Structure formats: structure tokens, C-alpha cells
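Novice: Pasting a structure below so you can have a look.
Residue numbers (the UniProt record's numbering): 1 to 60.
Here it is, written out as C-alpha cells:
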């Protein structure tokens with residue numbers, strides 16, 4: 001819809017490239033959007049390293 005994912009990724013990329021703030025950063029998102037987040041990060045800001053944590057408490 002409104003480009004919230006891309007705006008957030010752009011901010012993280014800006015912080016990394018122009019401010020030297022490399023993280024770590026935490027994005028909390030609904031389970032149904034995790035695949036999209038990972039694709040969008042790889043597509044628009046591949047310099048960022050994204051890790052997806054998913055599962056019940058024992059699996060995480």
C-alpha cells in the first residue's frame with residue numbers, strides 16, 4: 001500500500017551508507033509479511049544483512 005516497508009529499508013540503508021550506523025536493527029513484522037521483507041531488503045538494499053527469526057519459543 002503506502003510504501004512503509006521500502007521507507008524503512010531506505011532509512012536503514014541511509015543510516016548504513018551515510019551515517020556509518022550499521023546496526024544491529026530490529027524490525028518486528030507480522031509473520032505473513034516476513035517473506036516480502038526479506039525480498040525487499042535483498043532487492044533495494046543488498047548491503048544490509050537480514051536474518052529472519054521465525055518459530056515457536058523453543059525453535060527460536
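Positions of the beta carbon are idealized from the N, C-alpha and C atoms, including for glycine. This one's a predicted model, so the numbers in the text were calculated from it and none came from an experiment.
Roughly how many whole angstroms lie between the Cα atoms of residue 19 and residue 12?
Specialist: Distance between the alpha carbons of residue 19 and residue 12 is about 10 Å.
Novice: What residue range is occupied by the uninterrupted alpha helix (DSSP H) comprising residue 11?
Specialist: 4 to 19
Novice: Residues in the same chain with beta-carbon distance under 7 Å from residue 29, minus the five sequence neighbours each way, listed in chain order, please.
Specialist: 37
Novice: Does DSSP classify residue 31 as helix, strand or coil?
Specialist: helix
Novice: Which of the three DSSP states is assigned to residue 44 in this structure?
Specialist: helix
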